[in-house]
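Working notes for the structure below.
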Amino acid sequence: MAQGRSWFDFFRQCEKENVHYKRIDLAINDKVGFLSIPYLAEKCRRRELASKFRSFQELGSGKFAEESEEQFVGTTLYIGSLKSDIYFCFYEKNIEQMIKKGMIKTRSAVNDYSFLFRVGTTRIN
Numbered sequence: 008m009a010q011g012r013s014w015f016d017f018f019r020q021c022e023k024e025n026v027h028y029k030r031i032d033l034a035i036n037d038k039v040g041f042l043s044i045p046y047l048a049e050k051c052r053r054r055e056l057a058s059k060f061r062s063f064q065e066l067g068s069g070k071f072a073e074e075s076e077e078q079f080v081g082t083t084l085y086i087g088s089l090k091s092d093i094y095f096c097f098y099e100k101n102i103e104q105m106i107k108k109g110m111i112k113t114r115s116a117v118n119d120y121s122f123l124f125r126v127g128t129t130r131i132n
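Numbering-wise, the sequence shown is residues 8 to 132 according to the working numbering.
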């Protein structure tokens, strides 16, 4: 790391300083498209995903558009309950960026994978 310490060391120091934070989000930008979010969602629907999580939620979004415009905006998949201390979010970032900016940048991420951890129930030892 740039500061000469690991993330583990950083969070240990946060505990020593009694820093208050509610959530940690770890996001990975997939610039290649290793995973197909709709395919993962299909695997969840077919119960072909082995997981300790008990639930998933698939959201497809769209917009009211002219007939010549694309209406589908993208798929978001949550694995785990949004109310739990840990859950995963996978979404098609390139489609989101295309809608926001009108085009997909060649260097932009194809997908975004986020791992969200609520702090408070687990301590770093």
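Ideal Cβ placement from N, Cα and C applies to all residues, glycine included.
Integer Cβ distance of A86 from S58, believed to fall under 8 Å: Position 79 of the sequence shown, counting from 1, holds the residue named residue 86. Position 51 of the sequence shown, counting from 1, holds the residue named residue 58. Residue identity differs from the one stated: residue 86 is Ile in this sequence, not Ala. Indeed they touch by this definition, with Cβ atoms about 7 Å apart.
Spatial distance of E65 from K38 (CA atoms): Working through the sequence shown from its first residue, we reach residue 65 at position 58. Working through the sequence shown from its first residue, we reach residue 38 at position 31. Their Cα atoms are separated by approximately 22 Å.
Under 9 Å between C-beta atoms of F122 and D32: Along the sequence shown, one-based indexing puts residue 122 at 115. Along the sequence shown, one-based indexing puts residue 32 at 25. Cβ distance < 9 Å, so F122 and D32 count as in contact.
Contained beta strand (DSSP E) runs [length at least 3] in the stretch 11–62, N- to C-terminal order: Listed in chain order, the complete beta strand (DSSP E) runs (minimum 3 residues) inside the stretch 11–62 are 30–37.
Other residues of its chain near I35: CB distance less than 6 Å, five sequence neighbours each side excluded: On the sequence shown, residue 35 is found 28 positions in, with the first residue counted as 1. If we look at I35 and ignore the five residues flanking it on each side, its Cβ neighbours are Y120.
Distance between beta carbons of S68 and G81, contact taken as under 8 Å: Counting from 1 along the sequence shown, the entry for residue 81 is found at position 74. Counting from 1 along the sequence shown, the entry for residue 68 is found at position 61. Contact holds; Cβ gap of about 6 Å.
Segment limits, beta strand (DSSP E) that includes F71: Locating residue 71 in the sequence shown gives position 64, counting from the first residue. Counting along the chain, F71 falls outside any beta strand (DSSP E), and DSSP gives it neither H nor E.
Identity of the residue in Y28, K90, W14 and L84 nearest A48 by Cα: Translated into the one-based positions of the sequence shown, residue 48 becomes position 41. The shortest Cα separation from A48 among Y28, K90, W14 and L84 belongs to L84.
Proximity of E30 and F95 at Cβ, strictly below 9 Å: Counting from one through the sequence shown, the residue named residue 30 turns up at place 23. Counting from one through the sequence shown, the residue named residue 95 turns up at place 88. With the sequence shown as reference, residue 30 is identified as Arg, and Glu is not the correct amino acid for it. No, the pair does not count as a contact, with Cβ atoms beyond the cut-off.
Sequence-distant residues of the same chain with beta carbon closer than 7 Å to A40, five excluded per side: Position 33 of the sequence shown holds residue 40. What sits at residue 40 in the sequence shown is Gly, not Ala. If we look at G40 and ignore the five residues flanking it on each side, its Cβ neighbours are V117 and N118.
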